[in-house]
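Data first, discussion second: the structure below is written as structure tokens.
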Amino acid sequence: MVAINVNGTTREVDVDPSTPLLWVIREQLSLTGTKFGCGMAQCGSCTVQLNGRPIRSCVTPVSAAVGQQVTTIEGLAPSDSELHPLQQAWIAHQVPQCGYCQSGQLMSAAALLEANPNPSDDEIDKAMAGNICRCGMYGRMKAAIKTVASASYYDAAATADGSKA
Amino acid sequence: MNKWTRRGLLTTGVIFGGGLVLGIAIRPGNRTPGLAPLVTDDGETLVHTWVKLDTDNRITVIVPHSEMGQGVGTALSQMLADELDADWNLVSFEEAPAIEEFANHSLGQGFLLPGVELPAMIAPSVEGVLIKTAQALDLQITGGSMSIRATGQYGMRVAGAAVRELLVESAAEAWNVPVSEVSASKSYLAHEASGRRAPYSEFASAAAEKTPSLAPRLKTPDQFTVMGTHVERHDIPAKVDGSALFAMDVQVPGMLYATVRRAPTFGGNLAKLDDKAARGVRGVKDVISLPADEIGGTMSSFAAPATVAVVADSYWSAKQGLDKLELEWSSPDDVKRSSDDMFAQFDRDISQAANRQADIRSGDVAGAISGAAAVVKADYQVPFLAHTCMEPQNATVSVTDSGCEVWVGCQNPLGFRSAIADALGMDSDAVVVNNHFMGGGFGRRAIADCAVQAALLSQKMRKPVQVVWSREEDVRQDYYRPAIQSRFSGALDENGNLLAWENTYVNKHEPAEAPLIPYSVDSLDIGHVESPTHVPFGAWRSVDHSQHGFFTESFIDEVAIAAGQDPYQYRMDRLKDKPRHRAVLKKAAEAADWGTPLGSGRGRGISLQESFGSLVAQVVEVSLVNGETQVDRVVAAIDAGVAVSPDGLTAQIESGIIYGLTAALYGEITIEDGAVAESNFHDYQALRMPKAPIIETHIINSDAPIGGAGEPGTPGIAPALANAVFDASGVRVRRLPMSRPEVKMQLEDWSASAA
Ligand code: FES
Ligand code: FES
Chain C
-19 MVAINVNGTT REVDVDPSTP LLWVIREQLS LTGTKFGCGM AQCGSCTVQL
31 NGRPIRSCVT PVSAAVGQQV TTIEGLAPSD SELHPLQQAW IAHQVPQCGY
81 CQSGQLMSAA ALLEANPNPS DDEIDKAMAG NICRCGMYGR MKAAIKTVAS
131 ASYYDAAATA DGSKA
Chain Y
386 MNKWTRRGLL TTGVIFGGGL VLGIAIRPGN RTPGLAPLVT DDGETLVHTW
436 VKLDTDNRIT VIVPHSEMGQ GVGTALSQML ADELDADWNL VSFEEAPAIE
486 EFANHSLGQG FLLPGVELPA MIAPSVEGVL IKTAQALDLQ ITGGSMSIRA
536 TGQYGMRVAG AAVRELLVES AAEAWNVPVS EVSASKSYLA HEASGRRAPY
586 SEFASAAAEK TPSLAPRLKT PDQFTVMGTH VERHDIPAKV DGSALFAMDV
636 QVPGMLYATV RRAPTFGGNL AKLDDKAARG VRGVKDVISL PADEIGGTMS
686 SFAAPATVAV VADSYWSAKQ GLDKLELEWS SPDDVKRSSD DMFAQFDRDI
736 SQAANRQADI RSGDVAGAIS GAAAVVKADY QVPFLAHTCM EPQNATVSVT
786 DSGCEVWVGC QNPLGFRSAI ADALGMDSDA VVVNNHFMGG GFGRRAIADC
836 AVQAALLSQK MRKPVQVVWS REEDVRQDYY RPAIQSRFSG ALDENGNLLA
886 WENTYVNKHE PAEAPLIPYS VDSLDIGHVE SPTHVPFGAW RSVDHSQHGF
936 FTESFIDEVA IAAGQDPYQY RMDRLKDKPR HRAVLKKAAE AADWGTPLGS
986 GRGRGISLQE SFGSLVAQVV EVSLVNGETQ VDRVVAAIDA GVAVSPDGLT
1036 AQIESGIIYG LTAALYGEIT IEDGAVAESN FHDYQALRMP KAPIIETHII
1086 NSDAPIGGAG EPGTPGIAPA LANAVFDASG VRVRRLPMSR PEVKMQLEDW
1136 SASAA
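Just so you know, the sequences run in chain order C and Y.
Per my numbering, the first sequence starts with residue -19, numbered consecutively.
Per my numbering, the second sequence starts with residue 386, numbered consecutively.
This is the structure we're talking about:
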């Protein structure tokens, strides 16, 4: 048995500790928003956050998540009634085409803004370079990220609870 | 017959299914008693094959196409809602079930509306299947950029207008007033003189008893209220919170997972299988070999290769097991060939020109060439390409004694149903297909190979089985965009006028018009020779335009430059009688500041491509830095007749350009010893955000028939890029991709000499 905390809830799963986190999230926990795209840290479809940092869950053994906080796309929105600002911007910019890559894109983008609320174009490029979109929605994603960055959501949040940089 | 379950409809949020539904307005609701129970819930009336109304006046459009990401459901609903004078806020949509009544019987039964040209993409693949054969098949295809221009234009709009007429008539009868005095607006009917007003829903059942008109009066573009406006896509919210269900997300109780390896050489077979170690992996349930003859045809004329599957209680266990298999494959000697062998074969066959078939011929090409002041010659080559949909191939199938249920994301649900039924030896009626969002289609999800594997494995295991291919399998077992070669000669007079255009290429597929050019030229001879290879091929976004767009738009550039003229102006001068072509080309050139200086190491290239009923011009700006090509900006202009959903069209053009640019920069599937050498995104690269250009799309609304959106952005990017690289460096790229070492060396040499 392995115990992991995903989106604030601790769950026990009966898997080999070397099993990639991706398959535990999808198959054991039925959180299917996190996607499989390549299995070798090339495409970013499987991106989740481990203590707020973006990781490729297809190459991360579940054992590495023990005692850590895992956040998946299902846990990105602050509440059931409110979307994360990036999710709202994704809708406003009509970003998704097929949508398959988008959970990973959003998790990478959210981690970027959490660490760097006002990224430059180059910093956005760098942070998002690990996430492929075969539908090619790069321009829209970048515009959506900039909308949220310029709305200073993260700055406001930082002032409010004093904890975020 | 099972009810097309709410699960099937609602878990996907939208509905997919059908294909060409030309002439759908023929079937009134009351003549299709078989349909209503399949799609209606309490309080809903199926007023028409494609329209439901409920007691709260909500309208549900039944959309006969599959969602690959193109927003088709929203756009088709806009077309129907507009003609219906519906309140857009009350409109939603569902996918049509994969059942014959909802498919395109109109085709086989000659129900085509008068004057509707049968689109060439009707054939289910690029293998040149005749329309006749296509009519006999179960066709429910999303492809050929046809959803909007065929289904929408001739189906959804007609259906919407017909239902509006039925509702108006029903209200007039109920109110005992002349039809001409009843008006419809925003889902309400009104009779002004008497002040009566009632929602559409009040007349739903009366309307359902009537026979819809085949030729209702359609609006003119100035009357559109929903078409041409920006509406948000209905499928997007579920795609930002992880709740959108793709086929791989399906979990059926008791389901097992499987992953497969197929013979690496196309046409290869299994020589030895030792599965002892694999069976020892925790969770592995079985190792099953599926010989080629058992798999049979999977909607493609290529023989299915021998397959070994590992079935387990999780994907990871299955994958671990697969990696522990000791496998030896045999392959026939005649397929142990390389890409280079095939290009040598193409070159030889073009030179020999045996049995050359002409696509088009006019004037005296030989005479023009022999009397020309200058003759320009060039050969171009493009490689095999994989589709690499973001979602690897997968399917879930549950076979029981009473039938078979399938969960898949596919471009052709009815075709999948019959392929699976054939493989299982079942009646099509016993197979239910639940179609899901597709994580990319691009032509790949029209072939049922993976779904057939899942069906056979479920039958053997007597349990539901989900087959998930690794990315490696997805790259190596595709139906590839074919590699081909094309040879040109252009004859010029002393003023640089184009006297003759001669072109011979190998292996013609579809659409037939792909190699044709819009430019006026006195003598023309375009033709092809057959030079088959053993590599399976299929439709790839924009099909043959993806190849010929590069060839013809590169060569016209070479001709213009040989003539000492500006490539934009040279094209314009040869489009004198083509105002739509001129308009898009001009729009793109002007918006991109064509003709203004760019500085050293930078260049501009232009292209014009007509495909799937739409015209697209592109201007590309590049910078060359140490032999690397950086695409800075792409300006595109599109005339798709009328843009039904302008933002959706813009997004499709952006998407098509990035897809084509990825291929132009990096795309090459290499055949070595008969098998594919590449395997995953590290060696079959995709364009990523840091390299993505700024794309500006300009839409021209002409009054031409509605054209396609999903594919027309793709063909023009490669030639515009190659033309831009030439403009920047004088290096002419005639073989894609740009990342080939030969191209890099040339560009590095240029950089060194320019420095
Ligand atoms: S699936 Fe993990 S990076 Fe592609
Ligand atoms: S939206 Fe389809 S891969 Fe990104």
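Using N, Cα and C, we set each Cβ at its ideal position, and we do this for glycine too.
All of these numbers come straight from a predicted model, not from anything done at the bench.
Alpha carbons only, please: which of the options is nearest the one belonging to residue i?
i	options	result
Y:Leu707	Y:Gly748, Y:Arg830, Y:Val761, Y:Glu858	Y:Glu858
C:Lys106	Y:Pro1104, Y:Met1123, Y:Arg1119, Y:Ala1077	Y:Ala1077
Y:Cys795	Y:Ala945, Y:Gly826, Y:Arg987	Y:Gly826
Y:Lys972	Y:His894, Y:Ile991, Y:Asp962	Y:Ile991
Y:Glu550	Y:Ala583, Y:Val928, Y:Arg581, Y:Pro601	Y:Pro601
Y:Gly1045	Y:Leu983, Y:Asp962, Y:Gly934, Y:Ser1138	Y:Gly934
Y:Val1029	Y:Gln463, Y:His433, Y:Thr425	Y:Gln463
Y:Tyr700	C:Gln48, C:Thr(-10), C:Arg6, C:Asn(-13)	C:Arg6
Y:Arg1018	Y:Thr1082, Y:Leu770, Y:Leu465	Y:Thr1082
Y:Ala771	Y:Ala1105, Y:Thr425, Y:Tyr1069, Y:Ile444	Y:Tyr1069
Y:Pro622	C:Gln68, C:Gln48, C:Asp(-6)	C:Gln68
Against chain Y, with Cβ distances strictly below 8 Å, would residue i count as a contact?
i	result
C:Thr(-11)	no
C:Glu103	no
C:Cys23	yes
C:Pro0	yes
C:Ser37	no
C:Thr27	no
C:Thr127	no
C:Met(-19)	no
C:Ala95	no
C:Gly13	yes
C:Gly32	no
Drop a sphere of 10 angstroms on the beta-carbon of residue i, count the other beta-carbons inside from all chains shown, and report buried for 16 or more, exposed for fewer.
i	result
Y:Arg746	exposed
Y:Gln705	buried
Y:Val1128	buried
Y:Ser571	It is Lys, not Ser, that sits at residue 571 of chain Y in the sequence shown. When all chains shown are included, Y:Lys571 counts as exposed.
Y:Arg722	buried
Y:Ala1140	exposed
Y:Glu617	exposed
C:Arg114	buried
C:Met(-19)	exposed
Y:Asp1058	exposed
Y:Ala776	It should be pointed out that residue 776 of chain Y corresponds to Glu in this sequence rather than to Ala. Flag for Y:Glu776 reads buried.
Y:Asp978	exposed
Y:Asp1134	exposed
Y:Gln766	buried
Quick one: is the Cβ of residue i within less than 7 Å of any heavy atom of ligand 4?
i	result
Y:Gln950	Ligands in the displayed structure: ligand 1 and ligand 2; ligand 4 is not one of them.
Taking 8 Å as the CB-CB cut-off, is residue i touching chain C?
i	result
Y:Ile409	In this prediction, Y:Ile409 scores a pLDDT of 27, lower than 50, which makes its location untrustworthy; no coordinate-derived value is stated.
Y:Met1074	yes
Y:Phe822	yes
Y:Met775	yes
Y:Phe728	no
Y:Phe769	no
Y:Trp925	no
Y:Ile1043	yes
Y:Ile1080	yes
Y:Tyr700	yes
Y:Ile621	yes
For residue i and residue j, which I take to be in contact (beta-carbon distance under 8 Å), what is that distance rounded to the nearest angstrom?
i	j	result
Y:Ala569	Y:Val553	6 Å
Y:Gln862	Y:Leu809	The Cβ separation is near 21 Å, so there is no contact.
C:Met20	C:Val39	7 Å
C:Gly119	Y:Ile1079	7 Å
Y:Phe651	C:Gln22	25 Å between Cβ atoms; not a contact.
Y:Asn892	Y:Ser916	6 Å
Y:Ala885	Y:Gly875	7 Å
Quick check on the contact list: which residues have their beta carbon closer than 6 Å to a heavy atom of ligand 1?
C:Phe16, C:Gly17, C:Cys18, C:Gly19, C:Ala21, C:Gln22, C:Cys23, C:Gly24, C:Ser25, C:Cys26, C:Arg36, C:Cys38
Beta carbon nearer than 6 Å to a non-hydrogen atom of ligand 2:
C:Pro76, C:Gln77, C:Cys78, C:Gly79, C:Tyr80, C:Cys81, C:Gln82, C:Cys113, C:Arg114, C:Cys115, C:Met117, Y:Gly454, Y:Met775, Y:Gly825
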